[in-house]
Structure formats: structure tokens, C-alpha cells
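*Asks:* Structure below; questions to follow.
Chains as they are written, first to last, in this note's numbering: chain V, 1259 to 1453; chain R, 8 to 81.
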């Protein structure tokens, strides 16, 4: 996976979403023009067209959710190791949002416990990846550390192994994130704009 | 003192420790390292924020070597 493949994947994702949504918009226009009595059905078609990209974005935002689980002693130990792997600003953002900001060659990453968001250079498009450590019993910070270290050792491999859950505008995903994760996404977008 | 640690359910576990002046500790660490790799763990050395390197032989000069499980698409 490289920058060119990512651009292609992004375009294909947009085309696929449009292919799902545009027929409903067309159907709405046809129904509304055919007879005024059909306008409620036309509105239903428009709602459907609007909901399709929103549902995809919601799926993308889910990769930033905290998995939860062991928050006691093991998590404390894991958090110490994770803190050693990051600089002060990344640690602070993680404490607020549960996401670790990492600049890579492909863009700015936000790594969580069960996935990662990649904000592409320019800060307009985000790719949301569903990816996890294979040991589900790990404490949350260890899950995140697994992903962070895998990303650092092989960024292209990381993007290849991970499943793409969404690709599209940052604002679309942002609306679906919880407030602390929005702060992290804003920071990633700001960083991506300067890269 | 260098350390080989494994990320696991306890947060992390120290698998081996060694110093350059103690050949026995190096031998034990190398054996433990190979055993963990045989179990399917990946070994890596972190070079500070943003950089890490996967290793297949125990780097004796590294302060900390981390063992992690593979990742998979969710």
C-alpha cells in the first residue's frame, strides 16, 4: 500500500457510495415530477440517499471507540509502557481521547484500541481502518501499543493488513465521533494540513 | 541492564535480562528470545517516538526489546 494506492482506494470508495446514493436521488426527482401525491415517497428516497454515506461514516467512526475491559493493574502496567513509546504531546492527547497521534509517510494516524484513522496530507480525507491485536485478552493500552508498534515498523503493511471501514471527508466522520475523539481528529487534521 | 519484555495479559512480563559483562545472561536471553519467536511473537526495538525496527536476532546492545503478537484486520 502506498500513497497512489490510497488515492485510488479513496476514489473507488467515493464512486461506490455515489453509485448507491445517486439512484435514490434520481428516483426522488422522477417521483416528485410524476405526481405531487408521490412527493412523500420522493422525500423517503432522499432520506435514504442521505443515510447511505452517513451509515458508512458511522461504521468508520466506530474504529475510534474504546474497547474497554481490564482497567485495573494490568492496564496500569500497559499504560506505563505505552507512555514510554510516545512523546509528551501524544501522551496528553491519548489521555484525553484514547487515541495516539502518529505522523507517518502516508499521513497522520490516530491509533486506537481497535483500529486507526489515517488523515491524508491536506487534512480533507480520512481512511478508517479496523485492525486489532490477535490476543483479545490484552489490556486496552497494550492493544493500542501493539497497533502503534506494528505501524511504526511497517506502515504500508499495516494499511494492507487492516480492513478499510470508511474512506471519505473528515467532517463526515467527525460528526459521528465522541467529543474527546473529535479533539484528536482536529489535531490530526491540523497536523496533516501542515505536512 | 537490557531487558526483553513480552506484551501480554498482565501488561507486560520481563522474559529476560542481560548485561554485556555476563555471558550466561546473554545466552539465556538469546534462548528465551528464540523461544518467544517460535511461539509466534514479533520482536522489535523502539527508536523513540515514530520509529521502531523489527528484529529477528536479539540485539544485544539494545536497552529494551519488545515482543508483540501479530495484528489482524477486524
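Glycine included, each C-beta is placed from N, C-alpha and C at the ideal position. It should be emphasised that the depicted structure is a prediction, and the values quoted were computed from it without experimental measurement.
1) Exposed or buried, residue 1308 of chain V, counting other C-beta atoms within 10 Å across all chains shown (16 or more means buried)?
2) For residue 1379 of chain V, decide whether its Cβ has a neighbour in chain R, counting only Cβ atoms nearer than 8 Å.
3) Taking just the CA atoms, how far does residue 1300 of chain V sit from residue 1292 of chain V?
4) My assumption, with CB atoms under 8 Å, is that residue 1360 of chain V sits in contact with residue 80 of chain R. Please give the rounded CB distance.
5) In or out: residue 1288 of chain V buried (at least 16 other Cβ within 10 Å) or exposed?
6) Under 8 Å by Cβ, that's how I've got residue 1333 of chain V and residue 1397 of chain V pegged, so tell me the actual separation to the nearest angstrom.
7) How is residue 1395 of chain V classed by DSSP in three states: helix, strand or coil?
8) Where does residue 1399 of chain V land, buried or exposed, given buried means 16+ other C-beta within 10 angstroms?
9) If we count Cβ pairs, one from each stretch, closer than 8 Å, do we get three or more for the segment 1340-1360 of chain V versus the segment 10-22 of chain R?
10) Residues of chain V with CB closer than 8 Å to the CB of residue 75 of chain R, please, in chain order.
11) Against residue 1411 of chain V, what residues of chain R qualify as contacts under a CB-to-CB distance less than 7 Å, listed in chain order?
12) Where does residue 1405 of chain V fall in DSSP's three states?
*Replies:* Let me lay it out:
1) The count along the first chain starts at 1 and reaches residue 1308 of chain V at position 50. By the neighbour-count rule (16 or more Cβ atoms within 10 Å), residue 1308 of chain V is not buried but exposed.
2) Numbered from 1 along the first chain, position 121 holds the residue referred to as residue 1379 of chain V. Residue 1379 of chain V does not count as touching chain R.
3) Along the first chain, read from residue 1 onward, the residue named residue 1292 of chain V stands at position 34. Along the first chain, read from residue 1 onward, the residue named residue 1300 of chain V stands at position 42. Computed Cα separation, rounded: 10 Å.
4) Counted from its first residue, the first chain places residue 1360 of chain V at position 102. Counted from its first residue, the second chain places residue 80 of chain R at position 73. A Cβ-Cβ separation of about 19 Å leaves residue 1360 of chain V out of contact with residue 80 of chain R under the 8 Å criterion.
5) The residue labelled residue 1288 of chain V in the question sits at position 30 within the first chain. Under this definition residue 1288 of chain V is an exposed residue.
6) To locate residue 1333 of chain V, count along the first chain from 1; it is residue 75. To locate residue 1397 of chain V, count along the first chain from 1; it is residue 139. 4 Å between Cβ atoms; contact.
7) Taking the first residue of the first chain as 1, we reach residue 1395 of chain V at position 137. Residue state, collapsed to three classes: coil.
8) As a working note, residue 1399 of chain V is residue 141 in the first chain. Classification for residue 1399 of chain V: buried.
9) The segment 1340-1360 of chain V, when compared against the segment 10-22 of chain R, does not touch it at the 8 Å Cβ threshold.
10) To locate residue 75 of chain R, count along the second chain from 1; it is residue 68. Those are 1391, 1403, 1404, 1407 and 1408, listed as they occur along chain V.
11) In the first chain, counting from the first residue as 1, residue 1411 of chain V sits at position 153. The contacting residues are 51, 59, 60 and 61.
12) The residue given as residue 1405 of chain V occupies position 147 in the first chain. Residue 1405 of chain V falls in the helix class under three-state DSSP.
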